[in-house]
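Notes follow once the structure below has been shown.
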Amino acid sequence: MLNKNFIVRASLLLAVATTSLLTGCQTMKERVLDSSADGQTSVELRSIQTRSFDTTDKPKSMRSTIATLQDLGFVIDKADLDLGSVSATKLSGYALRMTVSVRPGSSGKNMIVRANAQYNNMPVTDPKPYQDFFVSLQKSMFLTANNVD
Amino acid sequence: MKKIISCLAIIGMLGGCATQIPPEALQFQPDTLANRQLQSRKYDIKSEKELLSASNNVLQDMGFNLDESNMPLGVIVASKNRDATDGGQIAGAILMAALFRVQTSYDKDQKIRASLVTKPAATNNAIQVDVTTKTGKQVKFNQPVEASNGFVVRVTFQRLVWNQRGALTKIEGINDPEIYQEFFDKLSKSIFLQAQNVE
């Protein structure tokens, strides 16, 4: 009787342990598309990752972005003025990779800067790191970063 | 029983997928300015292209291979693979194997990456700006003025180290002042030689 009870308990324990280990992870489709990162919609994520700067100078915006990334300890991986994108990696016991793209806003009076980051093998979806990045960026842009609607 | 289950659930969640990005990763740190000065040097040269080409020559002198370049933005990215063995570490590994029959790992290979960026130099006389935003916030900052001649070169190095089993053991930025000092000495010579048209 005692023995049967023990087996039931042990199997319950095992089931809880395995399911809790598995639930933290996603399917391949979700990983490729990053579709269900914390239930965030792509609109939310885009607003976290995007700021508008009151300037029309694309090369200067990109040079400021590169300088900021260097200040933050990144080594540049790629930079393309025509496409308006810069990628960089920071290695400091961890690997933090960022891609920043700069494009003119629809009003023709501003530049839209969008950044996305991956920390080791995960997307960064938390707003705080992006806020930090844009605070650092606006210090070298000498302009205020505005939220994009 | 419930305690054990909840403990296991918590451990499971922790061991699952989430590790957090360090809060200081994307913030300016007290050593940011010192690092910028260490990694930058101003050169009185008229053409940014000449400066980039002299820099590229120095990187080639140091055995780097070009990965990426973008002249309009003044960016050069290069890397090289080198040996990472360290005598002390190997001696330690041999000692451990001899004394305790334990196989310890030691560093074997490394990839060194460099990115070099040029930008127009700024004068020492920045314009002091004191403005009030629409929301009534007072903002003060110094707007640097681009100097008519001269460019600043900033180079940054980082490395990835693998052990003898091929596992990644170290990923780090390189901040040794001597390395940067020597790099810029080489670059000064390269610019001088280029100006003299010495091959």
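Same order as they appear, the protein sequences are chains A and B. Per my numbering, the very first residue in the first sequence carries number 1; after that it's consecutive. Per my numbering, the very first residue in the second sequence carries number 1001; after that it's consecutive. Even for Gly, the Cβ is constructed at its ideal location relative to N, Cα and C. These figures come from a predicted structure and were not determined experimentally.
Chain A within 9 Å of residue i, Cβ atoms only
i: R1041/B; result: no
i: S1053/B; result: no
i: L1059/B; result: no
i: P1022/B; result: yes
i: T1156/B; result: yes
i: A1122/B; result: no
i: V1077/B; result: yes
i: T1032/B; result: yes
i: D1130/B; result: no
i: T1019/B; result: yes
i: A1084/B; result: no
i: K1119/B; result: yes
Buried versus exposed, by CB contacts within 10 Å (16 or more), residue i
i: C1017/B; result: Confidence is the limiting factor: at C1017/B the pLDDT is only 49, short of 50, which leaves the residue's position unreliable and the question unanswerable from this model.
i: P129/A; result: buried
i: N110/A; result: buried
i: A71/A; result: Per the sequence shown, residue 71/A should be read as Asp rather than Ala. Buried, because 16 or more other Cβ atoms sit within 10 Å of the Cβ of D71/A.
i: K90/A; result: buried
i: S52/A; result: buried
i: G1063/B; result: exposed
i: S106/A; result: exposed
Backbone CA spacing between residue i and residue j [nearest angstrom]
i: M141/A; j: K60/A; result: 9 Å
i: T1019/B; j: N120/A; result: 9 Å
i: A1025/B; j: A1097/B; result: 39 Å
i: E1178/B; j: S1188/B; result: 15 Å
i: I1090/B; j: I1174/B; result: 22 Å
i: L13/A; j: I7/A; result: 10 Å
i: K1042/B; j: G1150/B; result: 7 Å
i: K29/A; j: S42/A; result: 16 Å
i: E1050/B; j: T1104/B; result: 49 Å
i: I1094/B; j: K1170/B; result: 21 Å
i: E1172/B; j: S11/A; result: 45 Å
i: F1192/B; j: E1048/B; result: 15 Å
i: Q1029/B; j: T1133/B; result: 27 Å
i: R1165/B; j: A1084/B; result: 13 Å
i: R31/A; j: N3/A; result: 43 Å
i: L81/A; j: Q1194/B; result: 27 Å
i: Q1039/B; j: N1124/B; result: 19 Å
i: S35/A; j: R114/A; result: 19 Å
i: S1190/B; j: M122/A; result: 42 Å
For residue j and residue i, believed in contact at Cβ under 8 Å, the rounded distance
i: R63/A; j: L1073/B; result: 6 Å
i: L1160/B; j: K1111/B; result: 5 Å
i: D1109/B; j: W1162/B; result: 5 Å
i: I1076/B; j: L1059/B; result: 7 Å
i: N1070/B; j: A79/A; result: 4 Å
i: I112/A; j: S1115/B; result: 25 Å between Cβ atoms; not a contact.
i: T55/A; j: L137/A; result: T55/A to L137/A, Cβ: 12 Å. No contact.
i: R1186/B; j: D1067/B; result: What sits at residue 1186/B in the sequence shown is Lys, not Arg. K1186/B to D1067/B, Cβ: 20 Å. No contact.
Interface flag, residue i vs chain B, CB-CB below 9 Å
i: T50/A; result: no
i: V135/A; result: yes
i: P59/A; result: yes
i: D126/A; result: yes
i: R151/A; result: No statement about residue 151/A is possible, as the shown extent of chain A runs from 1 to 149 and does not include it.
i: V75/A; result: yes
i: N120/A; result: yes
i: K109/A; result: no
i: S101/A; result: no
(request) Tell me, please, whether the region 1149-1164 of chain B touches the region 1119-1128 of chain B by the rule of three or more beta-carbon pairs shorter than 8 Å. (result) Touching, yes, given that three or more Cβ pairs across the two stretches are closer than 8 Å.
(message) Taking contact to mean 3 or more Cβ pairs, one atom from each stretch, closer than 8 Å, check whether the region 80-99 of chain A and the region 1045-1057 of chain B are in contact.
(response) With the cut-off at 8 Å, the region 80-99 of chain A and the region 1045-1057 of chain B do not touch.
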